[in-house]
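> Structure in structure tokens, see below.
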Amino acid sequence: MILQSLKFTSNGPPCYLDRFWRVRPIIQEWNDNMRKIFVPSWVCCLDESMSLWTNKWTCPGWMCVPRKPWPFGNEYHTLCCGITTIMYVIDLVEGKDRPQERAHLDSYRLYPPTVALLLRMCKRLYGLGRVIILDS
Numbered sequence: 001m002i003l004q005s006l007k008f009t010s011n012g013p014p015c016y017l018d019r020f021w022r023v024r025p026i027i028q029e030w031n032d033n034m035r036k037i038f039v040p041s042w043v044c045c046l047d048e049s050m051s052l053w054t055n056k057w058t059c060p061g062w063m064c065v066p067r068k069p070w071p072f073g074n075e076y077h078t079l080c081c082g083i084t085t086i087m088y089v090i091d092l093v094e095g096k097d098r099p100q101e102r103a104h105l106d107s108y109r110l111y112p113p114t115v116a117l118l119l120r121m122c123k124r125l126y127g128l129g130r131v132i133i134l135d136s
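The working numbering puts the sequence shown at residues 1 to 136.
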């Protein structure tokens, strides 16, 4: 009974097909809350992570990334503090499931993908003299 009442958002679906409409608000709230309460150390690590999911028919944005310990599920870009290991920025990798109607919302769309990712994820660190470590 409790699970039937549990919801991630009180917003309704958009007028276009968006497989991620239910999780966008919780990701945004996480990022907003961490921006308010957490100050990262001088070294930060930007990497990707997988959220384990075994059924591709029930998982929007389901991916298979064979090099990961859990190769099936959703992929996220994460920014973590290198000293405390606290994750404080999350960005869902939407891939081919990203709605075309949301393309105009990305202010970094004119940059190459890696540059756009760095600018988007590290925006709160501009001018703070932090070191960002990326994977290879």
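Where a beta carbon is used, it is the ideal one built from N, C-alpha and C, also for glycine.
DSSP on G199, reduced to helix/strand/coil?
Absent from the structure is residue 199, since the part of the chain shown begins at 1 and ends at 136.
> E48 by DSSP, collapsed to three states: which one?
Here E48 sits in strand by DSSP.
> For G129, which option in L3, N11, R35, V43 has the closest C-alpha, if you only look at C-alpha atoms?
Residue V43 is the option with its Cα nearest to G129.
> If I'm right that L79 touches V89 with Cβ under 8 Å, what's the distance once you round it to whole angstroms?
Right, the Cβ-Cβ distance comes to about 4 Å (below 8 Å), so this counts as a contact.
> Using C-beta distances below 8 Å, list every residue in its chain close to D97, excluding the 5 sequence neighbours before and after it, in chain order.
Same-chain partners within the cutoff: R19, F20, P60, G61.
> To the nearest angstrom, how far is it from the Cα of V39 to the Cα of G82?
Roughly 12 Å between the two C-alpha positions.
> DSSP three-state call for D18: helix, strand or coil?
Coil, per DSSP.
> Kindly indicate the opening and closing residues of the alpha helix (DSSP H) around L119.
From DSSP, the alpha helix (DSSP H) with L119 extends over 113-121.
> Does DSSP put L125 in a helix, in a strand, or in coil?
Note: L125 maps to helix in three-state DSSP.
> Which one or two residues does DSSP pair with I90 in a beta bridge?
Bridge partners of I90: T78.
> Roughly how many angstroms separate the alpha carbons of P13 and P112, rounded to a whole number?
Distance between the alpha carbons of P13 and P112: 30 Å.
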